[in-house]
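Chain order of the listed sequences is A and B.
With this note's numbering as the guide, the letters of the first sequence map in order to residues 1 to 108.
With this note's numbering as the guide, the letters of the second sequence map in order to residues 1 to 108.
For every residue, glycine included, the Cβ atom is placed at its ideal position computed from N, Cα and C.
To start, the structure itself, in structure tokens.
Protein chains: 2
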Amino acid sequence: MREPHHPSCAELELSDVLHALSDPARLEIARRLSSAPGEEWACSAFDLGLSKATLSHHFRVLREAGVVKTRVAGRKRLQSLRREDLDTCFPGLLDAVLNGYAGHRHAA
Amino acid sequence: MREPHHPSCAELELSDVLHALSDPARLEIARRLSSAPGEEWACSAFDLGLSKATLSHHFRVLREAGVVKTRVAGRKRLQSLRREDLDTCFPGLLDAVLNGYAGHRHAA
DNA sequence: GCGACCCTTCGATGGTTCTCAAACCGAACG
DNA sequence: CGTTCGGTTTGAGAACCATCGAAGGGTCGC
């Protein structure tokens with residue numbers, strides 16, 4: 001299967017990134033991806049209590065916002081954080097978001 | 001008129017803050033508020049090409065997310081950024097968002 | 001009081017989003 | 001080949017959101 005489209009650095013929009021991360025499920029995905037830098041995760045590795053269709057939707061939102069890179073490997077899609085690109089375009093944003101979340105997790 | 005409700009620091013949710021800032025109009029409001037720290041702006045000072053009903057809606061979203069404080073002064077509502085609270089709860093977030101925006105403004 | 005002023009709320013509308021089950025599709029495995 | 005395995009796409013429903021005009025509600029100036 002063809003690689004899905006990824007926006008270039010210059011195409012990244014702050015609004016899109018913020019919107020992508022404003023959903024709790026997607027925030028959690030980003031948080032997990034960031035916990036193992038450089039590593040790649042299959043979609044099925046995320047057990048968030050959502051159907052695979054919904055999960056696929058969230059990954060698309062993250063990908064189109066430029067938060068996540070999807071690599072096709074056999075019949076799997078391997079996801080990784082686009083940390084360098086994000087740090088370049090929006091310095092400090094990712095750290096602030098991931099820190100804020102970890103240190104500010106409510107019982108919910 | 002009664003002061004509107006403002007969430008306490010402990011009640012701030014990262015998702016809500018990100019969602020509030022993910023709308024271009026609200027991002028612009030936050031950007032303008034940050035440009036004059038400590039100052040207070042009347043709602044009517046924001047000419048974004050939106051109706052006052054819409055503007056009022058955006059201010060409510062920002063207020064309920066904890067981004068903005070609304071003070072009633074006579075027949076005006078004076079808005080200010082809750083920078084200290086945000087910096088305490090989500091260190092670096094506001095700076096990253098506002099920097100990212102200023103340094104990443106597309107012709108649009 | 002009366003109007004002007006500033007903003008909020010209401011009601012409506014059109015668009016977007018989240019969610020799922022079902023169908024689909026390419027890759028791998030037998 | 002046929003099947004299974006990972007994900008995507010589609011179709012649909014419910015919920016949410018941005019937006020506006022119109023109506024409402026305090027407050028100030030006269």
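Contact set between H19(A) and chain B, taken where Cβ atoms lie within less than 7 Å: In the first sequence, residue 19(A) corresponds to position 19, counting from 1. Within chain B, the residues near H19(A) are S22.
Contacts of S15(B) in chain A (Cβ-Cβ under 9 Å): Sequence index remark: in the second sequence, residue 15(B) carries index 15 (1-based). Simply L21, S22, D23, P24, L27, Y101.
Buried or exposed (CB count within 10 angstroms, at least 16 for buried), L48(A): In the first sequence, counting from the first residue as 1, residue 48(A) sits at position 48. Under this definition L48(A) is an exposed residue.
Within chain B, partners of F46(A) - CB distance below 7 Å: Numbered from 1 along the first sequence, position 46 holds the residue referred to as residue 46(A). The premise fails here: F46(A) is roughly 17 Å from chain B at the closest Cβ pair, so nothing lies under 7 Å.
Closer than 9 Å to chain B by CB, F59(A): Position 59 of the first sequence, counting from 1, holds the residue named residue 59(A). It does not: the Cβ of F59(A) has no partner Cβ on chain B nearer than 9 Å.
Contact test: D87(A) Cβ vs the ligand SAM heavy atom, cutoff 8 Å: Questions concerning the ligand SAM fall outside what the structure shown contains, since it holds no ligand whatsoever.
CA-to-CA distance, S44(A) to R2(A), given in whole angstroms: Position 2 of the first sequence, counted from the first residue, corresponds to residue 2(A). Position 44 of the first sequence, counted from the first residue, corresponds to residue 44(A). The straight-line gap from Cα to Cα measures roughly 19 Å.
Under the three-state DSSP convention, the category S15(A) falls into: Along the first sequence, read from residue 1 onward, the residue named residue 15(A) stands at position 15. Per DSSP, reduced to three states, the secondary structure at S15(A) is helical.
Buried versus exposed call for C89(B) [16 or more other C-beta atoms within 10 Å across all chains shown]: The residue labelled residue 89(B) in the question sits at position 89 within the second sequence. Classification of C89(B): buried, given that the 10 Å Cβ count is 16 or more.
Sequence-distant residues of the same chain with beta carbon closer than 7 Å to I29(A), five excluded per side: Locating residue 29(A) in the first sequence gives position 29, counting from the first residue. Excluding sequence neighbours, I29(A) sits near F46, H58, L62.
Nearest candidate by alpha-carbon position, reference L14(A), set R77(A), K76(A), L86(A): Taking the first residue of the first sequence as position 1, residue 14(A) is located at position 14. Residue L86(A) is the option with its Cα nearest to L14(A).
Same chain only: Cβ atoms within 8 Å of T70(A), ignoring 5 sequence neighbours per side: Taking the first residue of the first sequence as position 1, residue 70(A) is located at position 70. Excluding residues within five positions, the ones whose Cβ falls inside 8 Å are E3, P4, H6, F59, R63, R77, L78, Q79.
Residue environment, L81(A), which counts as buried when at least 16 other CB atoms sit within 10 Å: Taking the first sequence and counting its residues from 1, the one referred to as residue 81(A) is at position 81. Burial call: buried.
Between the CA atoms of C9(A) and T54(B) - distance to the nearest angstrom: Within the second sequence, residue 54(B) is the residue found at index 54, counting from 1. Within the first sequence, residue 9(A) is the residue found at index 9, counting from 1. Looking at the backbone, the Cα of T54(B) and that of C9(A) are separated by about 32 Å.
Buried or exposed (CB count within 10 angstroms, at least 16 for buried), R75(A): Mapped onto the first sequence, residue 75(A) falls at position 75. By the 10 Å Cβ count, R75(A) comes out exposed.
Pairwise C-alpha distance: H19(A) and V68(A): Taking the first sequence and counting its residues from 1, the one referred to as residue 68(A) is at position 68. Taking the first sequence and counting its residues from 1, the one referred to as residue 19(A) is at position 19. Each residue's alpha carbon lies about 14 Å from the other.
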